[in-house]
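S.K.: Below is one structure. I have some questions about it.
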Amino acid sequence: MTRLARFLLLASLAAVLPRVAPAQFALDSDLRRAIQVYQAGRYDAAALDLQRIADRPTLTTPDRAVALLYRGFALTRLKRDGEAARSLELAVIVDPTLRPDPVTHSPELLDAFRRARNRVPLLASFEVSASEFVLGIDSAARIDYTFEIPAAERRYSAQLRLLMFRVGSADTAVVWRGDEGTVARWDGNVKGQPVTSGMWEMVLEARAPGSEVAATSRRRVEIEVLTASVDRRLPIPTPPKLLPESVTYNRVDEGTKEKRVTRGLWMLAVGGALAAYSNANYQVAIDETPKGSGQRIAVAGAYVGGAAFLGFGAWYALTGWFRSYESPVAFYSTENVRRNRDLRQAYVTDSTRVAEHNRALMGGRLVRLRFVGEGSR
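Numbers 1215 to 1591, taken from this note's numbering, label the letters of the sequence shown in order.
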């Protein structure tokens, strides 16, 4: 075939074949012929040819995605909706950037592709937060993941699995499974046994509920298993400072205060009466009785006693009024008793945890992770 004939053939094919996207147009010759069969309306034959081409191991990823896309379109035309949906979902997973041309494809086919793409929980990426941890001692490694389409737009929660296999081996193990939104963790074990050093692949798999098609995100990680360092030993907790379970406070005794003031006032009254008596009989005793008589002694004694009662009564009443009558009273604090019980329990729990941690660390194994790139497809 001459160069001119080849150019004319390629130009005619580009003019009649439906487009997927300018950057994704398939160049494989068998795929071109299968698309021509689809364009001619022979959907049964096109679906068979496109399946055979998509299964070919030497086919490039963009060509495989286009083959699955057109197979899905052919099955949609044949009203085989279940097979069509699965083929379109596989096309999205093989090449997430795949977009059919809205100009050359009917609204029915574009809508089928849009529904298929929304059914596929495409994973944008995932990361492992802990770069190292001790098996059975530290918290398991946390896996953070993101989706290209949020769950609110997909209207369903994806089901997830974390798989691991050693590079070069086909023996895959599921190390975690759960629903979207749950915290994914890997405890360092593979098939119930501690992981061993070497190059591994982590595969996070997501699928819609009930779907056979799963989207995956792969990371290649170099795992090194070492003996845990004694530097990771935890210090023994110090005993807690307990609260006083018997609390003392000063209680004011108003009754005692009132009694003291009353007594002081009575003393003032007695002193006043004695002072009044001595004042009334003073002159008479001096003028009418001789020295040393009993009346003079009584008046003098009343004067001295009255003065004493007035002074002492005033002091007694005033100190009773201004003095704070407080007496220490102790009572049992149930709140402090409860808090002390919690402190003792926390101390016992922490001490037990630290002792178990340090005891296990003596023969512990430290898992260290180092991601080296994306995994193989």
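Virtual Cβ for every residue (Gly too), placed ideally from N, Cα, C.
Just so it is clear, the structure is predicted and the values come from calculations on it, not from any experiment.
Could you pull the start and end residues of the beta strand (DSSP E) that arginine 1375 belongs to?
M.R.: For the purposes of this step, residue 1375 is taken as the residue at position 161 of the sequence shown. 1373-1380 is the extent of the beta strand (DSSP E) around arginine 1375.
S.K.: Within 10 Å of its beta-carbon, does proline 1276 have 16 or more other beta-carbons around it, so buried, or fewer, so exposed?
M.R.: Taking the sequence shown and counting its residues from 1, one reaches residue 1276 at position 62. Classification of proline 1276: buried, given that the 10 Å Cβ count is 16 or more.
S.K.: Given alanine 1483, which residues of its chain have a CB within under 8 Å of its CB, disregarding the five upstream and five downstream residues?
M.R.: Indexing the sequence shown from 1 puts residue 1483 at position 269. Result list for alanine 1483: Gly1527, in chain order.
S.K.: Between which residues of its own chain and tryptophan 1480 is the CB-CB distance below 8 Å, once the five residues before and five after are set aside?
M.R.: For this step, residue 1480 is matched to residue 266 along the sequence shown. These residues qualify, in order along the chain: Gly1527.
S.K.: Go ahead and pull the three-state DSSP assignment for aspartate 1277.
M.R.: Counting from 1 along the sequence shown, the entry for residue 1277 is found at position 63. Reduced to three states, the DSSP call for aspartate 1277 is helix.
S.K.: Using CA atoms only, rank isn't needed, just tell me which of Arg1584, Gly1534, Tyr1517, Ser1460 is closest to threonine 1548.
M.R.: Here the question's residue 1548 lines up with position 334 in the sequence shown. Selected option, being the one with the closest Cα: Ser1460.
S.K.: Roughly how many angstroms separate the alpha carbons of asparagine 1495 and alanine 1489, rounded to a whole number?
M.R.: As a position in the sequence shown, residue 1495 is number 281, starting the count at 1. As a position in the sequence shown, residue 1489 is number 275, starting the count at 1. Spanning the two alpha carbons is a distance of roughly 10 Å.
S.K.: Indicate whether the contact test is met: 3 or more Cβ pairs, each with one atom in the stretch 1333-1349 and one in the stretch 1377-1391, closer than 8 Å.
M.R.: Result no; under three Cβ-Cβ pairs closer than 8 Å.
S.K.: Touch check for the stretch 1307-1326 and the stretch 1274-1290: three-plus C-beta pairs under 8 Å?
M.R.: Cβ pair count under 8 Å is three or more, so yes.
S.K.: Assuming contact is defined by CB atoms lying nearer than 7 Å, are alanine 1420 and proline 1335 in contact in what I supplied?
M.R.: Your numbering for residue 1420 matches position 206 in the sequence shown. Your numbering for residue 1335 matches position 121 in the sequence shown. Yes, the pair counts as a contact, with Cβ atoms nearer than the cut-off.
S.K.: State the Cα-Cα distance for the pair alanine 1428 and arginine 1333, rounded to the nearest angstrom.
M.R.: Here the question's residue 1428 lines up with position 214 in the sequence shown. Here the question's residue 1333 lines up with position 119 in the sequence shown. Using only the alpha carbons, I get a separation of about 10 Å.
S.K.: For tyrosine 1370, which of helix, strand or coil comes out of DSSP?
M.R.: Numbered from its first residue, the sequence shown carries residue 1370 at position 156. Coil, per DSSP.
S.K.: If you reduce the DSSP assignment to three classes, tell me which class alanine 1237 lands in.
M.R.: Residue numbering aside, residue 1237 sits at position 23 when the sequence shown is read from its first letter. With a pLDDT of 38 at alanine 1237, under the threshold of 50, the modelled position of that residue is not reliable, and the figure given next carries that caveat. Alanine 1237: helix per DSSP, three-state reduction.
S.K.: Within the same chain, show all residues whose beta-carbon is closer than 6 Å to that of arginine 1558, passing over the 5 residues directly before and after it, in chain order.
M.R.: The sequence position of residue 1558 within the sequence shown is 344, counting from 1. Within the same chain, arginine 1558 has no close Cβ partners at all.
S.K.: Given a threshold of 16 other Cβ atoms within 10 Å of its Cβ, counted over all protein chains shown, does alanine 1240 qualify as buried or as exposed?
M.R.: As a first step, residue 1240 must be located in the sequence shown, where it is residue number 26. Its pLDDT being 42, under 50, alanine 1240 is placed unreliably by the model, and the measurement read from it follows with that caveat. Alanine 1240 comes out buried.
S.K.: DSSP state of serine 1301, grouped into three classes?
M.R.: Counting from one through the sequence shown, the residue named residue 1301 turns up at place 87. Correct three-state label for serine 1301: helix.
S.K.: So arginine 1389 and leucine 1376 are in contact, right, with Cβ under 8 Å, and what is the actual spacing, rounded?
M.R.: In the sequence shown, counting from the first residue as 1, residue 1389 sits at position 175. In the sequence shown, counting from the first residue as 1, residue 1376 sits at position 162. Residue identity check: residue 1389 is valine in the sequence provided, not arginine. Valine 1389 to leucine 1376, Cβ: 5 Å. Contact.
S.K.: Taking only runs that begin and end inside the stretch 1400-1472, name each unbroken beta strand (DSSP E) of 3 or more residues, in chain order.
M.R.: As far as the stretch 1400-1472 is concerned, its whole beta strand (DSSP E) runs of at least 3 residues are 1412-1421, 1428-1441, 1460-1466.
S.K.: Three or more C-beta pairs under 8 Å: does that hold for the stretch 1254-1272 against the stretch 1283-1290?
M.R.: Judged by Cβ distances under 8 Å, the stretch 1254-1272 makes contact with the stretch 1283-1290, as three or more pairs qualify.
S.K.: Can you grab the Cα-Cα spacing for the pair glutamate 1367 / proline 1321, in whole Å?
M.R.: As a working mapping, residue 1367 is identified with position 153 in the sequence shown. As a working mapping, residue 1321 is identified with position 107 in the sequence shown. Straight-line Cα distance between these residues: approximately 21 Å.
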